[in-house]
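K.L.:
There are 2 protein chains.
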Amino acid sequence: MTGNHPKPISPEEAAETLRAASLRPTRQRIAIAERLLDGRARHVSAEQLRDELVDYGQPMALATIYNCLHQFEEAGLVRPVHHAGDAVLYDTNLCDHHHFVDVETGELIDIDPGEIILPELPDLPDGFEAETIELTVRLRRKS
Amino acid sequence: MTGNHPKPISPEEAAETLRAASLRPTRQRIAIAERLLDGRARHVSAEQLRDELVDYGQPMALATIYNCLHQFEEAGLVRPVHHAGDAVLYDTNLCDHHHFVDVETGELIDIDPGEIILPELPDLPDGFEAETIELTVRLRRKS
DNA sequence: TTACTACTTTAGAATCATTCTAATTTTCTT
DNA sequence: AAGAAAATTAGAATGATTCTAAAGTAGTAA
Ligand SMILES: [Mn+2]
Ligand SMILES: [Mn+2]
Ligand SMILES: [Zn+2]
Ligand SMILES: [Zn+2]
Chain S
69 MTGNHPKPIS
79 PEEAAETLRA
89 ASLRPTRQRI
99 AIAERLLDGR
109 ARHVSAEQLR
119 DELVDYGQPM
129 ALATIYNCLH
139 QFEEAGLVRP
149 VHHAGDAVLY
159 DTNLCDHHHF
169 VDVETGELID
179 IDPGEIILPE
189 LPDLPDGFEA
199 ETIELTVRLR
209 RKS
Chain D
69 MTGNHPKPIS
79 PEEAAETLRA
89 ASLRPTRQRI
99 AIAERLLDGR
109 ARHVSAEQLR
119 DELVDYGQPM
129 ALATIYNCLH
139 QFEEAGLVRP
149 VHHAGDAVLY
159 DTNLCDHHHF
169 VDVETGELID
179 IDPGEIILPE
189 LPDLPDGFEA
199 ETIELTVRLR
209 RKS
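These protein sequences, in sequence, are chains S and D. For what it's worth, my numbering labels the leading residue of the first sequence as 69, then goes sequentially. For what it's worth, my numbering labels the leading residue of the second sequence as 69, then goes sequentially.
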């Protein structure tokens, strides 16, 4: 793990976080924030999040979930990861970190940044700046 | 549409490579091998490859291109890269190497493995072995 | 509160990469 | 050349995501 400790989040806290991000605290955004912004490091797809919201008695349109995830992303509340399977996973771990990917299941496992020595970067192409540096280790179950 | 493409390998060479990979040298596979296996390091999507084959007077069904790319992948002749945009790119550079990704265009640029110091890997989860280790540096054009 | 307006949600359609199906064609072997 | 196996193909299907445009909601000023 990465040292993130679960901190339960109330609807009021969720609303406050949303306001701080200049997002109107709608019922839908609050429900999503309550689930995703509790400090736990997770990787969820839009569909997984929908199932979870149904379980919690807050079903909503899939389009709304996509809308909210994009807004949360823009606000820096979640980060998309494109490496596993077909669906984008949204990462609630905002620290710099890397991933193991189970190639069979597509599941992501965080690599603690303390456990890895970041490599020296090569010279970047002219006119570009590095936005993110991501190490992905694809894992396969030993036979 | 019509771009500058380098000189391909000969159909005979392509057919021989295919036989060595236990793939029947069909007209379609030969055409694809001629374009992709000329030793140049490239990153192509299925659709880009189709356009190129049309330019070369060897149009074929998109399904065939997908079939062939999968077979080439299984034979170790190309490697898929999933990091850029929505479409999978097939990499003809089989050496261990890493990638810059232009986040605007999705274009991949190889990072010479000599230019980078591979990090020490952390302990893998029990029962897994590392299949690939991939470093991706996302680049954004300086404003 | 009311009214206004901008923002948000929503169902369903559309899009796009990719995969599947089932029929036809080609390759390889006798 | 003939038969069996493998490959190609058009078009349909799939699945994640985005779009559309209509209906609902939230913030705000009167
Ligand atoms: Mn993908
Ligand atoms: Mn993607
Ligand atoms: Zn993560
Ligand atoms: Zn490459």
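Glycine included, each C-beta is placed from N, C-alpha and C at the ideal position.
#1: With hydrogens ignored, establish whether the beta-carbon of histidine 167(S) is closer than 8 angstroms to any heavy atom of ligand 3.
#2: In angstroms, rounded to a whole number, what distance separates the CA positions of phenylalanine 140(D) and valine 146(D)?
#3: At 8 angstroms on the CB atoms, spell out the chain D contacts of glycine 195(S), in chain order.
#4: Anything with a beta carbon under 5 angstroms from a heavy atom of ligand 4 counts; list them all in chain order.
#5: With a threshold of 8 angstroms on Cβ separation, who are the neighbours of arginine 165(D) within its own chain once the five nearest residues in sequence on each side are excluded?
#6: Beta-carbon within less than 8 angstroms of glycine 153(D)'s beta-carbon, same chain only, minus the 5 sequence neighbours each way: which residues are those?
#7: State the DSSP-derived secondary structure class of methionine 69(S), mapped to helix, strand or coil.
#8: Between arginine 147(D) and chain S, is any beta-carbon pair separated by less than 9 angstroms?
#9: How is the beta strand (DSSP E) around tyrosine 158(S) delimited, first residue to last?
#10: Does the beta-carbon of threonine 200(S) have 16 or more other beta-carbons within 10 angstroms, so that it is buried, or is it exposed?
#11: Kindly indicate if chain D contains any beta-carbon less than 9 angstroms away from that of methionine 69(S).
#12: Under 7 angstroms Cβ-Cβ, which residues of chain S neighbour valine 171(D)?
#13: Using 8 angstroms as the cut-off, classify the Cβ of leucine 145(S) as near or not near the heavy atoms of ligand 3, replying yes or no.
#14: Any heavy atom of ligand 5 closer than 8 angstroms to the beta-carbon of alanine 109(S)?
P.N.:
If we stick to the structure as given:
#1: The answer is yes for histidine 167(S).
#2: Their backbone Cα atoms lie some 6 angstroms apart in a straight line.
#3: Under the 8 angstroms cutoff, chain D gives Arg209, Lys210.
#4: Listed by chain position, these are Asp159(D), Asn161(D), Asp178(D).
#5: At residue 165(D) the sequence reads histidine, which differs from the arginine that was named. Same-chain partners within the cutoff: Asp178, Ile179, Asp180, Pro181.
#6: Cβ neighbours of glycine 153(D) beyond the five flanking positions: Gly174.
#7: Since pLDDT at methionine 69(S) reaches only 45, below the 50 mark, its modelled position is unreliable, and no value is offered.
#8: No, no contact with chain S.
#9: Start and end: 157 to 159.
#10: Per the 10 Å Cβ criterion, exposed.
#11: Model confidence at methionine 69(S) stands at a pLDDT of 45, short of 50, so the residue's coordinates are unreliable and nothing is read from them.
#12: Contacts between valine 171(D) and chain S, judged by CB atoms closer than 7 angstroms, involve Glu199 in chain order.
#13: Every heavy atom of ligand 3 is 8 angstroms or more from the Cβ of leucine 145(S), so no.
#14: Ligand 5 is absent from the structure shown, which contains only ligand 1, ligand 2, ligand 3 and ligand 4.
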